[in-house]
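Using UniProt numbering, you'd call the opening residue of the sequence shown number 1 and step up by one each time.
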Amino acid sequence: MERYNLPSGGIEVVMNEAEAGGAIAATASPTMSSEWQHRLPKAQKIKPFRYMAIRSVVFVGIFAIVGNIPVHSKITDPEQVDGVEHLVLDELQDDTEEQLAINKINEQAYTQELALPVASAIETYAGHAVEPLPSARDGEWELHQIVRGETLDDILKPLKVSTTAEELMADEAIKEELTRLKTGKKILVQVNGKKIEQLIYATGKRKAYIVSLQNDKYIGKWDSELFEEQHNRIAFTIRNPYHYEATKAGLPKPISRQLVKIFKNQVNFRSIQIGDQVSTIFEDYHYQSERIYTGKVLAAEFNHRKNIYQRVRFVRNKDRTMYLEPDGDLALKEVAFARYPLKGGRLSSGFGFRHHPILRKRRMHSGIDLAAPRGTPIYATGDGRVRFVGRKGAYGKTIELSHSGGIMTRYGHMSKYKPKLGRGAKVKRGDVIGYVGSTGRSSGNHVHYEFRIHGKAVNPKTVSLPTKGILTAKEMKSFKRLAKNMRYQLIKLRDTAAIDRNVRRQFGG
Ligand SMILES: [Zn+2]
């Protein structure tokens with residue numbers, strides 16, 4: 001009897017050399033490799049019993065390797081191959097000459113046919129010590145979404161940490177990965193004290209480049225196991241004050257606060273009712289199986305006094321986040337005009353017939369006067385084009401804007417215009433067009449503001465301001481698609497909230 005260790009399988013095979021005819025023994029012996037090649041045809045000619053014995057031992061050998069398939073398949077996971085390969089190389093360097101020879105023979109004898117990476121298997125069985133990562137729980141995590149053209153330096157600056165981007169990218173491999181950051185992807189930074197302990201550059205929901213401080217050196221690697229961006233779902237029924245219930249249901253504090261903001265116009269959180277139901281879907285970031293950061297509410301539903309309110313998050317042009325009703329076209333409109341062209345100011349004269357302070361006669365005042373210090377900026381009240389810039393009799397220095405729907409706005413008595421604002425120029429609501437003054441027939445610094453519809457002056461203070469769609473046709477289409485999906489999930493969550501209520505009713509929880 002002889003005992004052989006099959007290095008690739010990690011299983012010990014015991015066999016009798018006499019019965020096996022020596023041929024199989026060679027498979028595990030580095031010195032007999034050539035013999036194995038020559039003797040194989042002979043083995044097929046020998047007596048049936050011996051032949052069977054050889055076959056069965058060959059099968060044992062094959063099964064020993066096949067038995068490791070789960071290990072291999074894990075290793076050959078495309079996202080992992082890179083990391084494992086490096087480890088394999090390190091491992092082989094430490095191996096003895098003899099082991100290397102065994103690997104080689106083994107590869108020829110069995111694994112070539114099976115196409116299994118023998119070297120990897122050895123590495124897996126030998127095990128290897130991996131440097132433990134710093135704990136995800138230390139310090140604070142910060143999240144940043146990358147804006148076009150942003151560098152790591154730009155991202156770290158507001159964090160006020162002592163670690164510089166240069167220090168983080170001292171390693172060439174890290175520098176390679178973090179030099180050109182992809183717009184829209186996220187970076188999570190773990191700050192402990194004033195130092196960056198770890199940085200996660202998340203390029204997928206699970207795929208991330210992780211840089212961590214190990215023995216005062218930053219080490220970087222791609223990983224698809226440690227990090228995960230989840231869409232978490234929580235639903236609950238109100239029986240106690242809102243924040244109490246939210247905490248009990250496991251809702252992170254920032255999320256319950258966001259919900260209060262989102263529904264502030266529909267729900268009075270102080271007079272919340274027993275039986276009200278809350279469901280929400282939100283972003284949740286996990287690292288090393290710990291929740292490290294809670295992101296934004298993606299969708300939410302509040303069933304308040306039997307009214308169901310739903311909101312779905314929509315990000316427009318990466319700069320404006322809105323929570324919109326998934327099926328409410330009305331909510332997708334907004335007022336197209338600001339009521340007044342000044343921030344602040346004082347209404348010094350109203351619209352309509354009045355006794356004119358300078359002319360000392362009853363006169364129609366076709367606009368309103370807003371008093372403010374000289375030089376106060378005057379803003380365009382709506383999107384439009386410049387129709388007129390210049391002096392206009394009693395109005396003094398005047399700008400007129402034309403807007404869609406036959407609307408014209410006029411701003412008079414300016415001290416000066418916004419430089420380079422010529423006729424035909426496009427303006428956006430909120431753009432500065434000029435500055436308060438007292439030019440023309442005026443008794444003090446103010447802006448005379450008119451709102452005309454098809455030429456007819458109306459009272460700017462009371463006119464019902466036109467609305468416009470918040471979203472463009474393209475944005476509307478993409479929102480509808482998103483909303484449909486979120487709505488479906490919210491309805492499913494509503495069932496969970498209902499179960500929550502029933503279970504508690506039953507058990508008096
Ligand atoms: Zn006036």
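Ideal placement from N, C-alpha and C gives every residue a C-beta, glycine not left out.
Q) Would you call the stretch 234 to 245 and the stretch 273 to 281 in contact, with 3 or more CB pairs under 8 Å? A) yes
- What three-state label does DSSP hand Leu-482 in the structure shown? Reading the sequence shown from its first residue, position 482 is the one you call residue 482. Leu-482: helix per DSSP, three-state reduction.
Just confirm the distance between the C-beta atoms of Glu-365 and Arg-354, as a whole number of angstroms; I'd bet it's less than 8 Å.
Taking the sequence shown and counting its residues from 1, one reaches residue 365 at position 365. Taking the sequence shown and counting its residues from 1, one reaches residue 354 at position 354. Just to set this straight, residue 365 is His in the shown sequence, not Glu. At roughly 5 Å, the Cβ-Cβ gap stays under 8 Å, so His-365 and Arg-354 are in contact.
Cβ separation of Gln-258 and Val-297, assumed to be a contact under 8 Å, to the nearest whole Å | Indexing the sequence shown from 1 puts residue 258 at position 258. Indexing the sequence shown from 1 puts residue 297 at position 297. With 8 Å as the limit, Gln-258 and Val-297 qualify as a contact, their Cβ atoms being about 5 Å apart.
Q.
So for Lys-160, helix, strand or coil by DSSP?
A. Counting from one through the sequence shown, the residue named residue 160 turns up at place 160. DSSP places Lys-160 in coil when its eight states are reduced to three.
* To do: Report whether the distance from the Cβ of Gly-430 to the nearest heavy atom of ligand 1 is below 8 Å.
  => In the sequence shown, counting from the first residue as 1, residue 430 sits at position 430. Not under cutoff, so the answer is no.
In three-state terms, what does DSSP make of Ser-271? Taking the sequence shown and counting its residues from 1, the one referred to as residue 271 is at position 271. Ser-271: helix per DSSP, three-state reduction.
Would you tell me roughly how many angstroms separate the C-alpha atoms of Leu-471 and Gly-193, rounded to the nearest one?
Locating residue 471 in the sequence shown gives position 471, where the first residue counts as 1. Locating residue 193 in the sequence shown gives position 193, where the first residue counts as 1. Spanning the two alpha carbons is a distance of roughly 44 Å.
Exercise. Is Gly-367 near ligand 1, with its Cβ less than 8 Å from a heavy atom?
Worked result: As a working note, residue 367 is residue 367 in the sequence shown. Result yes, Cβ under 8 Å from ligand 1.
Item to complete: Indicate, with yes or no, if ligand 2 has a heavy atom lying under 8 Å from the CB of His-355.
Response: With respect to ligand 2, the structure offers nothing, as its ligand set consists of ligand 1.
Requested in this report: Indicate the three-state DSSP secondary structure (helix, strand or coil) for residue 523 in the structure shown.
Outcome: Because the chain spans 1 through 509 in this model, residue 523 falls outside it and cannot be assessed.
**Run of the beta strand (DSSP E) containing Lys-261, from where it starts to where it stops** = Along the sequence shown, one-based indexing puts residue 261 at 261. Looking at the DSSP string, Lys-261 is not in any beta strand (DSSP E); the run it does join, the alpha helix (DSSP H), is 253 to 262.
DSSP three-state call for Ile-491: helix, strand or coil? Within the sequence shown, residue 491 is the residue found at index 491, counting from 1. Helix.
Is the beta carbon of Ser-349 within less than 8 Å of some heavy atom of ligand 1? Position 349 of the sequence shown holds residue 349. Yes, Cβ of Ser-349 sits closer than 8 Å to a heavy atom of ligand 1.
*Residue range of the unbroken alpha helix (DSSP H) whose run includes Glu-177*: Within the sequence shown, the letter at position 177 stands for residue 177. First-last of the alpha helix (DSSP H) with Glu-177: 172 to 178.
- Task: In the DSSP assignment, find the unbroken alpha helix (DSSP H) run with Ala-165 in it and report its ends.
- Result: Counting from 1 along the sequence shown, the entry for residue 165 is found at position 165. Counting along the chain, the alpha helix (DSSP H) containing Ala-165 begins and ends at 165 to 168.
* For the 8 Å Cβ check, are there 3 or more pairs between the stretch 332 to 339 and the stretch 297 to 313? -> no
For this session: Let me know the secondary structure DSSP gives Asp-284 once reduced to three states.
Result: Counting from 1 along the sequence shown, the entry for residue 284 is found at position 284. It is a strand residue.
Phe-388: buried (16+ other C-beta within 10 angstroms of its C-beta) or exposed? Along the sequence shown, one-based indexing puts residue 388 at 388. Counting Cβ neighbours within 10 Å, Phe-388 comes out exposed, since fewer than 16 surround it.
ask   = Gly-434: beta carbon under 8 Å from a heavy atom of ligand 1?
value = Here residue 434 is taken as the residue at index 434 of the sequence shown, counted from 1. Because no heavy atom of ligand 1 lies under 8 Å away, the Cβ of Gly-434 does not count as near it: no.
Within the present structure, is the beta-carbon of His-448 separated from the nearest heavy atom of ligand 1 by less than 8 Å?
The sequence position of residue 448 within the sequence shown is 448, counting from 1. His-448 Cβ: within cutoff of ligand 1.
Answer with buried or exposed for Val-267, where buried requires no fewer than 16 other C-beta atoms within 10 angstroms of its C-beta.
By 1-based counting over the sequence shown, the position of residue 267 is 267. Label assigned to Val-267: buried.
Task: Cα-Cα separation, Leu-490 to Glu-225 - done: What you label residue 490 is simply residue 490 of the sequence shown in a count that begins at 1. What you label residue 225 is simply residue 225 of the sequence shown in a count that begins at 1. Their Cα atoms are separated by approximately 29 Å.
Spatial neighbours of Glu-167 in its chain, beta-carbon cut-off 8 Å, leaving aside the 5 residues before and after:
In the sequence shown, the residue the question calls residue 167 occupies position 167. Excluding positions up to five away in sequence, the list reads Tyr-218.
Discussion item. Is the separation between the beta-carbon of Ala-299 and that of Arg-487 shorter than 9 Å?
Written reply: Working through the sequence shown from its first residue, we reach residue 299 at position 299. Working through the sequence shown from its first residue, we reach residue 487 at position 487. Contact: yes.
* Asked: So which of Gln-145, Gly-344, Arg-137 has the shortest CA-CA distance to Val-315?
  -> Here residue 315 is taken as the residue at index 315 of the sequence shown, counted from 1. Closest by alpha carbon: Gln-145.
* For Trp-222, which of Thr-203, Gln-230, Gln-214, Leu-332 has the nearest alpha-carbon? -> Against the sequence shown, residue 222 aligns to sequence position 222. For Trp-222, the nearest C-alpha among the options comes from Thr-203.
Quiz prompt | Neighbourhood of Val-458 by C-beta, 6 Å cutoff - its chain only, sequence neighbours within 5 removed | solution = Taking the sequence shown and counting its residues from 1, the one referred to as residue 458 is at position 458. Only Phe-451 meet the Cβ criterion.
3-residue-minimum beta strand (DSSP E) runs that sit fully inside the stretch 167 to 253, ordered along the chain: 186 to 192, 195 to 202, 208 to 214, 217 to 223, 227 to 237
* What are the complete beta strand (DSSP E) segments, minimum 3 residues, inside the UniProt domain "M23ase beta-sheet core" (363 to 460)? -> 368 to 371, 377 to 379, 384 to 391, 397 to 403, 407 to 417, 432 to 436, 446 to 453, 456 to 458
Which of helix, strand or coil does DSSP assign to Glu-290?
-> Walking along the sequence shown from the start, residue 290 turns up at place 290. DSSP places Glu-290 in strand when its eight states are reduced to three.
Q. If you count every other CB in all the chains shown that lies within 10 Å of the CB of Gly-67, and 16 or more means buried, which is it?
A. In the sequence shown, counting from the first residue as 1, residue 67 sits at position 67. Its pLDDT being 48, under 50, Gly-67 is placed unreliably in this model, and the coordinates cannot settle the point.
Flag Gly-412 as yes when its Cβ comes closer than 8 Å to any non-hydrogen atom of ligand 1, and as no otherwise. Within the sequence shown, numbered from 1, the residue matching residue 412 stands at position 412. Gly-412 Cβ: within cutoff of ligand 1.
- request: Kindly indicate which three-state DSSP category Glu-325 falls into: helix, strand or coil?
  value: Taking the sequence shown and counting its residues from 1, one reaches residue 325 at position 325. Glu-325 falls in the coil class under three-state DSSP.
Query - Cα-Cα separation, Asp-233 to Lys-253 - result: Mapped onto the sequence shown, residue 233 falls at position 233. Mapped onto the sequence shown, residue 253 falls at position 253. This sequence places Arg at residue 233; Asp is not what is there. Looking at the two C-alpha atoms, the distance is approximately 15 Å.
Original post:
What does Glu-140 pair with, by DSSP beta-bridge criteria?
Top reply: Start at 1 with the first residue of the sequence shown, and residue 140 comes out as number 140. Note: Glu-140 sits in a beta bridge opposite Val-191.
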